[in-house]
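Trainee:
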Amino acid sequence: MESAEFKITDATAKRNVKRYACCPEPYIDVTYTLELKRRTDHATHFIMSPCIICSLLIPFIFLLPHGTNDKILYGIGQLIANVLVFGEFEAIVPHAYPRVPTKGILFMVNLVLTGLALVFTVATISVWKRSQKKKPVPGFLRTVFLGICGRVCFVHRDDFLLDLEADSQSPLEESNDSTERDAERAGKLTAAAEWCQLAAILDRMLFVLFSVFVIITAIAQ
Numbered sequence: 001m002e003s004a005e006f007k008i009t010d011a012t013a014k015r016n017v018k019r020y021a022c023c024p025e026p027y028i029d030v031t032y033t034l035e036l037k038r039r040t041d042h043a044t045h046f047i048m049s050p051c052i053i054c055s056l057l058i059p060f061i062f063l064l065p066h067g068t069n070d071k072i073l074y075g076i077g078q079l080i081a082n083v084l085v086f087g088e089f090e091a092i093v094p095h096a097y098p099r100v101p102t103k104g105i106l107f108m109v110n111l112v113l114t115g116l117a118l119v120f121t122v123a124t125i126s127v128w129k130r131s132q133k134k135k136p137v138p139g140f141l142r143t144v145f146l147g148i149c150g151r152v153c154f155v156h157r158d159d160f161l162l163d164l165e166a167d168s169q170s171p172l173e174e175s176n177d178s179t180e181r182d183a184e185r186a187g188k189l190t191a192a193a194e195w196c197q198l199a200a201i202l203d204r205m206l207f208v209l210f211s212v213f214v215i216i217t218a219i220a221q
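Be aware that the sequence shown starts at 1, since it is given in UniProt numbering, and climbs by one per residue.
1) Hey, THR121 and LYS71: beta-carbon distance below 8 angstroms or not?
2) Counting only the same chain and skipping the five closest in sequence on each side, list residues whose C-beta sits under 6 angstroms from that of ASP203.
3) Beta-carbon within less than 7 angstroms of PHE207's beta-carbon, same chain only, minus the 5 sequence neighbours each way: which residues are those?
4) Between which two residues does the alpha helix (DSSP H) carrying ILE80 extend?
5) How is the alpha helix (DSSP H) around VAL17 delimited, first residue to last?
6) Bridge partners of GLU2, per DSSP?
7) Need the endpoints of the beta strand (DSSP E) that LEU36 sits in, please.
8) According to the Cβ coordinates, are ALA220 and ILE52 closer than 8 angstroms?
9) LYS103 and PHE86: beta carbons closer than 8 angstroms?
10) Looking only at its own chain, which residues have a Cβ that is under 8 angstroms from the Cβ of VAL214, when we skip the five neighbours before and after it?
11) In chain order, what residues of the same chain lie with their CB nearer than 6 angstroms to the CB of TYR32, ignoring the 5 residues before and after it?
12) Relative to the C-alpha of residue 276, which residue among LEU189, PRO26, MET205, TRP128 is closest?
13) What do you get for LEU106, buried or exposed, if any count of 16 or more other CB atoms within 10 angstroms of its CB means buried?
14) May I have the straight-line CA-CA distance separating ILE148 from SER211, to the nearest angstrom?
15) Return the CA-CA distance between SER175 and LYS188, expressed in angstroms with no decimal places.
16) Check each candidate in ILE8, ALA117, TYR20, ALA91 and name the one with the smallest Cα separation from GLY77.
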């Protein structure tokens, strides 16, 4: 009867003859040595494939737009999917395995990366929400992220400023307020646009960082 999980790659038999002082007749036994190989087709197609897909989808949480709950829902869905796939993998691995399987390490890394991605997503959403307070971005963050990283990531403040002006009740050029109030309102819109720009830059950097880490982890496994 052929096993669906293992196949015999080699089999040897050795005849042993042993005599004891108590008895004149010899005692004969045969030692069989079987070399087994686990069939990996099932694990590869039904366990590892979903794991790799979930791993590749982790960085895309940072490409979803702010202002909605899609990022959080996406992260929670990713976490649940990884837990379910890890449970399926744990069910087929012998519990008496002497060490943690290499593929099991990949599952645990996926869980950690998904959790970290969810934490960083909450942080970037918090940065985005600070645009509603319309307070200026601190000087250090403006110099490092909005200046250097903004140019590297191709994220510009004017893109968000135009959207904020469009969402405003009345554009600056059509405002009937005094010049001072126009300047104050322009400053608040600029501060809000800078917070949105900072959140977008952090998302872009985290997407690249997580993508590189996921690819390296997949290759290492």
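Where a beta carbon is used, it is the ideal one built from N, C-alpha and C, also for glycine.
Mentor: Concretely, from the data shown:
1) yes
2) PHE62, THR124
3) PRO59, PHE62, LEU63
4) 70-92
5) It is not in any alpha helix (DSSP H) - VAL17 instead sits in the beta strand (DSSP E) that spans 6-18.
6) Answer is none; GLU2 lacks a bridge partner.
7) 27-38
8) no
9) no
10) SER55, LEU56, ILE58, PRO59, LEU113
11) ALA13
12) Lying outside 1 to 221, the shown extent of the chain, residue 276 is not represented and no answer is given.
13) buried
14) 21 angstroms
15) The pLDDT assigned to SER175 is 48, lower than 50, so where the model puts this residue is not dependable; a value taken from the coordinates is nonetheless given after this. Distance between the alpha carbons of SER175 and LYS188 is about 15 angstroms.
16) ALA117
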